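Residue numbers (my numbering): 510 to 794.
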Ligand SMILES: [Zn+2]
């Protein structure tokens, strides 16, 4: 089983994590035999298209020196094909063709949960605690600063006003920093609130940058939450908090565990579904 490329491999400390759902459609890998060197292609990824079952399918061809065989990967951003510098296009497309039913099935499974990359420009919106904030980016500033003003997020970056790439890059870094700064107090406060309410010794709370799980809990009573959770509405965050706190009593996902979650968070089933159905939105950055 292989995770989509943008998901990091995870170490599960106590077997008690919330993973974002692996869509039934998770990526897989098909490997073909190595082809003789006949042609050299540029190393930059190339966008290509192939007809499968009479339907055009776009893919990104990524060539790497020393790559063995051809790898197909399908995730929320589409199909990526990895090959060596010299594998002929004909051999690559033969392999895709041979796996066409698998490719079409995986693309179909992913199509309803496509990850749209975040735009880092004035007017673009980002989700914070379930509310849409409109970005207002001010380039050429003397220092980097992020400030929320009602439904706007004012972002000052030092990048020169004509360098859109540098502006986007610096704006993203500044906004991620801002999310992390908001995340710890919010998550710690909700954790202490529910711990107290349910007579639990408060655990230690840490932040993670996990992209594929919202929280984790270990037997040392340490709970980690992904700062990305701050994109979700407060009720969804509370569900994750209750989920992780319930692991302090049950380090598993047994019926006893879910009964504990329900006791702390009576709407958990609806909230869990909502979180599962929206996780791709929370992975835009
Ligand atoms: Zn869990």
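Backbone N, C-alpha and C fix where the C-beta goes; we use that ideal spot for every residue, glycine too. Here the structure is a predicted model, which means the values were calculated and not measured.
Leaving out the 5 sequence neighbours to the left and right, which residues in its chain are closer than 6 angstroms to residue i when beta-carbon positions are compared?
i, result
"residue 670", "648 and 649"
"residue 668", "648, 675, 676 and 679"
"residue 737", "791"
"residue 661", "643 and 645"
"residue 770", "751, 752, 755 and 777"
"residue 765", "759"
Is the beta carbon of residue i less than 8 angstroms from the beta carbon of residue j?
i, j, result
"residue 566", "residue 591", "no"
"residue 694", "residue 704", "no"
"residue 627", "residue 793", "yes"
"residue 552", "residue 583", "no"
"residue 685", "residue 696", "no"
"residue 629", "residue 681", "yes"
"residue 559", "residue 605", "yes"
"residue 757", "residue 716", "no"
"residue 655", "residue 619", "no"
"residue 608", "residue 569", "no"
Once the 5 residues before and after residue i are set aside, which same chain residues still bring their CB inside 7 angstroms of it?
i, result
"residue 740", "636, 637 and 791"
"residue 773", "703, 707, 751, 754 and 755"
"residue 747", "699 and 774"
For ligand 1, any of its heavy atoms closer than 7 angstroms to the Cβ of residue i?
i, result
"residue 756", "yes"
"residue 765", "no"
"residue 762", "yes"
"residue 759", "no"
"residue 678", "no"
"residue 752", "yes"
Which of the three DSSP states, helix, strand or coil, is assigned to residue i?
i, result
"residue 598", "helix"
"residue 686", "helix"
"residue 747", "helix"
"residue 760", "coil"
"residue 783", "helix"
"residue 775", "coil"
"residue 754", "helix"
"residue 722", "strand"
"residue 788", "coil"
"residue 712", "coil"
"residue 633", "coil"
"residue 617", "helix"
Can you name, in chain order, every residue of its own chain whose Cβ lies under 8 angstroms from the Cβ of residue i, other than the five neighbours on each side?
i, result
"residue 564", "613"
"residue 735", "716, 717, 718, 719, 720, 722, 723 and 724"
request  = Mind the definition here: the segment 750 to 767 touches the segment 717 to 728 only if three or more C-beta pairs lie below 8 angstroms; say whether that holds.
outcome  = yes
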